[in-house]
Amino acid sequence: MAKNTLSSRFRKVDIDEYDENKFVDEQEEAAEQQGPDEAEVDSLIRQYPLREQVTLQKKSKLLIKSLNWDNMAAFHAALRNPPINTKNQAVKERAQGIVLKVLTSFRSSEIEQAVKSLDKNSVDLLMKYIYKGFEKPSDNSSAILLQWHEKAFAAGGLGSIVRVLTARKTV
Numbered sequence: 016m017a018k019n020t021l022s023s024r025f026r027k028v029d030i031d032e033y034d035e036n037k038f039v040d041e042q043e044e045a046a047e048q049q050g051p052d053e054a055e056v057d058s059l060i061r062q063y064p065l066r067e068q069v070t071l072q073k074k075s076k077l078l079i080k081s082l083n084w085d086n087m088a089a090f091h092a093a094l095r096n097p098p099i100n101t102k103n104q105a106v107k108e109r110a111q112g113i114v115l116k117v118l119t120s121f122r123s124s125e126i127e128q129a130v131k132s133l134d135k136n137s138v139d140l141l142m143k144y145i146y147k148g149f150e151k152p153s154d155n156s157s158a159i160l161l162q163w164h165e166k167a168f169a170a171g172g173l174g175s176i177v178r179v180l181t182a183r184k185t186v
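Residue numbers (the numbering used here): 16 to 186.
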């Protein structure tokens, strides 16, 4: 018989360390990840109706493009810094409110263009916000979220829905 069978070194290995289902409380990086900048998003949304009135008066295609750009900039600013790693529910609720405000400011005809401007990870993030909005519906938000869901599903496919529903980190 081998001499190593009497050794007890194998008992010092912690096999639970290698278990992928083991809960590990990760350190929060809340200092730098507090959600989207509400002031920036609000200023971009407030500029949107003002330019719309000017566009209706002048009928300029250049102003129409800048009109879409302000809404699009607010959309990208709202998705820029998601509070995924934080456990603070107040931060997550504030971010959800900001994103919902931006999503409701779009016209139906502009939704597809906005979704097409996103990469795959951003489409998944948008789907997370859409499903979070479905959990707590407000006045007329469900109809708007369904329109966004339709366009996001067209861009991200079924895989996007599966990734959102199986993700451990939520918004």
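Glycine included, every Cβ here is placed at the ideal spot set by N, Cα and C.
Legend entry - Pair within 9 Å by beta-carbon distance, Ile126 and Ala89: no
Inset, instruction - Would you be able to state if there are at least three C-beta pairs under 8 Å between the region 110-124 and the region 157-177? - result: yes
Inset, instruction - Check each candidate in Gly112, Glu32 and Asp29 and name the one with the smallest Cα separation from Asp154. - result: Gly112
Legend entry - For Asn96, the nearest candidate out of Ala182, Ala167 and Leu141 (CA to CA): Leu141
Inset, instruction - Measure the CB-CB distance between Tyr146 and Val114 and report whether it falls below 9 Å. - result: no
Legend entry - Contact set for Ile159: own chain, Cβ-Cβ below 7 Å, skip 5 residues either direction: Leu118 and Thr119
Inset, instruction - Determine the contact status of Ala92 and Val56, defining contact as a CB-CB distance below 9 Å. - result: yes
Inset, instruction - Look up Ser75 in the DSSP assignment and say whether it is helix, strand or coil. - result: With a pLDDT of only 44 at Ser75, under 50, the local geometry of the prediction cannot be trusted, and no value is derived from it.
Legend entry - For Leu133 and Asp139, the rounded distance between their alpha carbons: 10 Å
Inset, instruction - Identify, in the order they occur along the chain, each residue of the same chain with its Cβ nearer than 7 Å to the Cβ of Ala110, setting aside the five sequence neighbours on each side. - result: Gly50, Pro51, Pro97, Pro98 and Val186
Legend entry - Span separating the alpha-carbon of Leu180 from that of Gln62: 35 Å
Inset, instruction - May I ask you to report which of helix, strand or coil DSSP gives Ala54? - result: helix
Inset, instruction - Report buried or exposed for Asn86, applying the criterion of at least 16 other Cβ atoms within 10 angstroms of its Cβ. - result: buried
Inset, instruction - Could you check what DSSP says for Lys166 in three-state terms: helix, strand or coil? - result: helix
Inset, instruction - Can you give me the start and stop residues for the alpha helix (DSSP H) that Gln104 sits inside? - result: Gln104 to Ser120
Inset, instruction - Could you spell out the range, first to last residue, of the alpha helix (DSSP H) harbouring Tyr33? - result: No alpha helix (DSSP H) contains Tyr33, which DSSP labels as neither H nor E.
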